[in-house]
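A.B. asks: Per this note's numbering, the very first residue in the sequence shown carries number 2; after that it's consecutive. Glycine included, every Cβ here is placed at the ideal spot set by N, Cα and C.
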Amino acid sequence: MSVHTQPASDESRLTKRTVQTVASLRRKTEKGQKLVTLTCYDFSTARILDDAGVDLLLVGDSLAMTVLGHPNTLSVTVDEMLHHVKAVSRGARHAFVVADMPFMSYQTGWIEATKNAGRFIQEGGAQAVKLEGASDGVIEVVRHLVEIGIPVVGHLGFTPQMLNTLGGFKVQAKNLDDVKKLLNDAMRLQEAGVFALVLEMVPVEVADLITRQLKIPTIGIGAGNVCDGQILVIDDLLGRYSELSPRFVRRYMDSKALIQQAVTDYAADIQSGNFPDNAVEAFPFPPEGMAELSQLTASLAP
Ligand code: KIV
2 MSVHTQPASD ESRLTKRTVQ TVASLRRKTE KGQKLVTLTC YDFSTARILD
52 DAGVDLLLVG DSLAMTVLGH PNTLSVTVDE MLHHVKAVSR GARHAFVVAD
102 MPFMSYQTGW IEATKNAGRF IQEGGAQAVK LEGASDGVIE VVRHLVEIGI
152 PVVGHLGFTP QMLNTLGGFK VQAKNLDDVK KLLNDAMRLQ EAGVFALVLE
202 MVPVEVADLI TRQLKIPTIG IGAGNVCDGQ ILVIDDLLGR YSELSPRFVR
252 RYMDSKALIQ QAVTDYAADI QSGNFPDNAV EAFPFPPEGM AELSQLTASL
302 AP
C-alpha cells in the first residue's frame with residue numbers, strides 16, 4: 002500500500018494537531034482509536050468539521066442528493082464532484098480528504114479511471130479516492146491507482162451506484178452465500194491495495210466478521226459499532242436532509258428547524274424595521290459631508 006504524506010500547514014504545526022495521512026489513520030486504528038469520518042461538500046462546513054477534529058472528510062457522491070436534489074447518486078458528474086472537492090480541500094487543514102468517484106467515472110476502464118482519479122488529486126486537492134464494488138474491472142482500477150500513488154478507499158455492502166441492480170436501498174449480505182461473497186470481495190480489495198473499506202448497510206455480525214478478517218480499517222455506515230470507524234452523511238447528522246430517513250442515521254441536531262426559525266425571525270425583523278439596525282449594521286455618511294448632503298436632499302425635495 003502506498004503511504005501518502007501531506008505537508009503540514011503552519012497552523013497545524015503551531016497547534017500540533019496531526020495532519021491526517023494514510024499512515025496516521027492506520028496508526029489510529031492500530032492503537033484501537035476509532036476513525037471519525039463524515040461526508041462534506043463545501044468550504045465552510047469543511048473548516049468547521051476540521052476544527053472539530055474529524056479525521057477524514059469524504060466528498061461523497063451523495064451530494065447528488067443532498068446538495069443537488071437528485072433522487073439518487075447516479076447522475077452526478079466528475080466536473081460537478083470536482084467543484085465540491087476543491088472547496089472541501091481548501092477548508093480542510095488537518096483532515097484527510099477523499100473524493101468519491103462518481104458513476105461512470107471508473108467503470109469504463111482503468112485508463113479513464115486513472116485520468117479521472119488524477120483530476121481529483123491534481124485539480125481537486127484530495128488525498129485519495131473512493132470506488133464502489135469489487136468487480137474484476139474495479140480491482141484492476143484499484144491496482145493501477147495504488148501503483149501510481151493514489152490511495153484508494155473501497156466501498157462494499159450496499160453500493161448506491163448499483164441501486165438499479167440491487168432494487169432499492171436494502172440491507173446486504175443477509176444469507177451465507179452473500180456473506181462469503183462480501184468477505185471474498187473485501188479480501189480482494191485489500192489485496193489490490195485499498196487502505197480502508199466502507200461497509201454500508203450490512204448486518205452487525207457480518208461487519209464484525211469482515212473487520213476481524215481484514216488488516217485495513219473498516220468504516221461503517223449502517224453496519225453497527227463494530228467497525229474501525231464510522232461515517233455519516235453530514236446533512237443527516239445535522240438534520241437538514243429529510244427526503245430519506247434510514248434507520249442507521251442518528252440526528253445530532255435539528256438544523257432544519259433551527260434554520261427555519263432563524264429565517265422566520267429575519268423576515269419578522271425586516272417587516273418591523275428592526276433589521277438592519279442603522280447604528281450597527283449600516284454605514285453612516287461621512288460627518289464632514291453631511292451639511293452638503295442635507296442641502297442636496299433639501300434641493301431635491303418636491
Ligand atoms: O457518497 C457517500 O456519502 C458515501 C457514504 C455513504 C459512505 O459513499
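#1: Under three-state DSSP, which class holds Ala100?
#2: Give me the residue from Asn279, Leu58, Ile235, Arg120 with the minimum Cα distance to Thr22.
#3: So, using beta-carbon positions, are Thr160 and Gly125 closer together than 8 Å?
#4: Measure the alpha-carbon distance for Glu244 versus Val68 and round it to whole angstroms.
#5: So, are the CB atoms of Asp62 and Thr74 less than 8 Å apart?
#6: When the Cα atoms are used, what is the spatial distance from Ala263 to Asp137?
#7: Looking at Met102 and Leu132, is the spacing between their C-beta atoms short of 8 Å?
#8: Any residues whose CB sits closer than 7 Å to a heavy atom of the ligand KIV? List them in chain order?
#9: Using the beta-carbon count (16 or more within 10 Å), is Leu36 buried or exposed?
#10: So, with DSSP's three-state summary, where would you put Thr67?
#11: Enumerated in chain order, which unbroken segments of the beta strand (DSSP E) with a length of 3 residues or greater are wholly contained in the region 172–228?
#12: How long is the line joining the alpha carbons of Arg120 and Asp270, rounded to whole angstroms?
#13: Whose C-alpha, out of His145, Gly92, Val98, is nearest the C-alpha of Gly110?
#14: Could you name the residues that DSSP lists as bridge partners for Lys35?
#15: Identify the continuous alpha helix (DSSP H) that holds Ala129 and give its terminal residues.
#16: Roughly how far, in whole angstroms, is the beta-carbon of Val60 from the beta-carbon of Val20, given that I think they are within contact range, below 8 Å?
C.D. replies: Result, derived from the coordinates:
#1: strand
#2: Leu58
#3: no
#4: 12 Å
#5: yes
#6: 51 Å
#7: yes
#8: Thr40, Leu59, Gly61, Asp62, Ser63, Thr74, Asp101, Lys131, His156, Pro161, Val199, Glu201, Ile222, Ile232, Val234
#9: buried
#10: helix
#11: 197–201, 219–222
#12: 46 Å
#13: His145
#14: None; Lys35 has no bridge partner.
#15: Here Ala129 belongs to no alpha helix (DSSP H); instead the beta strand (DSSP E) covers 129–131.
#16: Going by Cβ atoms, the distance from Val60 to Val20 rounds to 18 Å, so no, they are not a contact pair.
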